[in-house]
Amino acid sequence: MRRRLPISACLMTLNEERNLPDCLASLDFCDDIVVVDSFSTDRTMEIARKHTDRVFQRPWPGNVGQRAFSVAQARNDWVLVVDADERVTPALQEEIVAALASPGGCAGFLVPRRTFYLGRWIEHGDWVPDRKVRFFDRRRAIVGGTDPHDRVDVEGLVGKFRSPLEHYAYRDLSHHLDTTDRYSRTAALELRKAGRRFHARDLVLRPLMRFLKGYLLKRGFLDGIAGLAVAVGTSHFVFMKYLKLYELERGLDARAEKSPPATRSPGE
């Protein structure tokens, strides 16, 4: 049996029976695997318990809250944060092992993410290199961010890994659109909570600039149809975020019983 290392791998799940087996298999070098589930209705819990007895269930408080809870359950000081639709490659594992043995004073490490979408790996555009702190010393780290995007902030030096996490983001276009619908609403709620006000220019300029940045400046066009879809999809997310802010301001969102009042208009 291979030796497992004192690393806590922390992940969140909700109906991930399709992705979870491969994700957990890629974490078999970690001696502590923490799975925090939001009451899945498929075989997620059954699959998770085959790999670890460190499985928790709790209501979904948002990405930031759930991520913070998962990290708080870690038994080791060094934590690896992954999502169920991600895989740790052998090359990335080697870098993690080397960093654990000799962190060089770093409190955390940025990990790039490589996404498989529409039948190909995305190599350009807004999704590349998608670096985030994913491996860190939790004694010197805080989970923060703004829903729907969590973030890990560390006190100290931050190193960089070269090998990426493999990310299988969306099953198909319908899954992508469903995710955009959910995430854009969450983002609009956060804007509203922060006191942001809707301006018509946000619907025109922000999506346009996001598209031009991803498709032209970051050369998304080199990824063909998939690259175009990424650029349009990212622009669509920005458009929907501000359109839903408009909807919230005017009380048109049937799902919002009461939206936080908008009291100020800070810069982005």
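With this note's numbering as the guide, the letters of the sequence shown map in order to residues 21 to 288. The beta-carbon is built from N, C-alpha and C at its ideal position, and this holds for glycine as well. All values reported here derive from a predicted model rather than from experimental measurement.
Straight-line Cα distance separating residue j from residue i
| i | j | result |
| --- | --- | --- |
| Lys-278 | Arg-182 | Unreliable placement is indicated for Lys-278, whose pLDDT of 45 sits below 50; no coordinate value is reported for it. |
| Arg-38 | Met-32 | 14 Å |
| Glu-224 | Ser-122 | Checking the displayed sequence, the identity of residue 224 turns out to be Val instead of Glu. Their backbone Cα atoms lie some 49 Å apart in a straight line. |
| Val-101 | Arg-69 | 18 Å |
| Ala-246 | Asp-105 | 19 Å |
| Arg-216 | Lys-261 | 12 Å |
| Asp-57 | Arg-133 | 23 Å |
| Asp-146 | Gly-240 | 7 Å |
| Glu-66 | Glu-36 | 11 Å |
| Asp-103 | Thr-135 | 13 Å |
| Arg-160 | Val-174 | 6 Å |
| Arg-205 | Lys-264 | 6 Å |
| Asp-198 | Val-84 | 20 Å |
| Ala-127 | Val-178 | 6 Å |
| Thr-72 | Pro-41 | 12 Å |
| Val-163 | Lys-180 | 19 Å |
| Asn-96 | Tyr-266 | 45 Å |
| Leu-120 | Trp-98 | 8 Å |
| Arg-27 | Phe-49 | Just to set this straight, residue 27 is Ile in the shown sequence, not Arg. Computed Cα separation, rounded: 8 Å. |
| Ala-45 | Phe-76 | 19 Å |
| Asp-222 | Leu-242 | 28 Å |
| Arg-270 | Ala-214 | 17 Å |
| Met-229 | Leu-237 | 10 Å |
| Ala-92 | Phe-129 | 19 Å |
| Phe-89 | His-196 | 26 Å |
Paired residues, beta bridge with residue i - DSSP
| i | result |
| --- | --- |
| Tyr-137 | Arg-140 |
| Ala-249 | In DSSP, Ala-249 forms no bridge with anything. |
| Thr-166 | His-169 |
| Asp-157 | Trp-98 |
| Lys-180 | Leu-130 |
| Val-224 | Its beta-bridge partners do not exist; DSSP assigns none. |
DSSP state of residue i mapped onto helix, strand, coil
| i | result |
| --- | --- |
| Gly-271 | coil |
| Ala-189 | coil |
| Lys-233 | helix |
| Pro-26 | strand |
| His-219 | coil |
| Gly-240 | helix |
| Ala-127 | strand |
| Val-117 | helix |
| Val-258 | helix |
| Val-148 | coil |
| Ser-285 | Because the pLDDT at Ser-285 is just 30, under 50, the model does not fix this residue reliably, and the value given afterwards should be weighed accordingly. Three-state DSSP puts Ser-285 in coil, outside helix and strand. |
Nearest neighbour of residue i, chosen from the options [CA to CA]
| i | options | result |
| --- | --- | --- |
| Arg-307 | Ala-94, Ser-60 and Gly-82 | Since the first residue of the chain shown is 21 and the last is 288, residue 307 is not available in this structure. |
| Pro-149 | Leu-237, Val-131 and Ile-162 | Val-131 |
| Gly-253 | Thr-109, Lys-213 and Tyr-203 | Tyr-203 |
| Glu-186 | Gly-234, Asp-57 and Trp-141 | Trp-141 |
| Gly-165 | Glu-210, Asp-146 and Trp-80 | Glu-210 |
| Val-258 | Arg-226, Ile-245, Ala-251 and Arg-239 | Arg-226 |
| Arg-107 | Arg-275, Val-84, Tyr-188 and Glu-267 | Tyr-188 |
| Leu-25 | Gln-113, Asp-167, Phe-129 and Arg-205 | Gln-113 |
| His-144 | Ala-119, Ala-251 and Thr-199 | Ala-251 |
| Pro-110 | Asp-146, Pro-184, Gly-179 and Asp-52 | Pro-184 |
| Asp-157 | Asp-170, Arg-151 and Gly-176 | Gly-176 |
| Leu-232 | Ser-255, Arg-63 and Gln-86 | Ser-255 |
| Arg-87 | Val-54, Phe-59 and Leu-248 | Val-54 |
| Arg-275 | Lys-238, Ala-208 and Tyr-235 | Ala-208 |
| Phe-155 | Gly-139, Pro-168 and Val-172 | Val-172 |
| Leu-47 | Val-117, Ala-220 and His-169 | Val-117 |
| Ser-52 | Ala-29, Gly-125 and Met-229 | Rather than Ser, the amino acid found at residue 52 in this sequence is Asp. Cα-wise, what sits closest to Asp-52 is Ala-29. |
| Tyr-190 | Ser-60, Gly-139, Gly-82 and Arg-23 | Gly-139 |
Residue-level contact to chain D via CB, residue i, 8 Å cutoff
| i | result |
| --- | --- |
| Gln-77 | The structure shown has no chain D; it contains just one protein chain. |
Can you give, in chain order, each stretch of the beta strand (DSSP E) that sits fully within the segment 28-113 and has at least 3 residues? 50-57, 75-77 and 98-101
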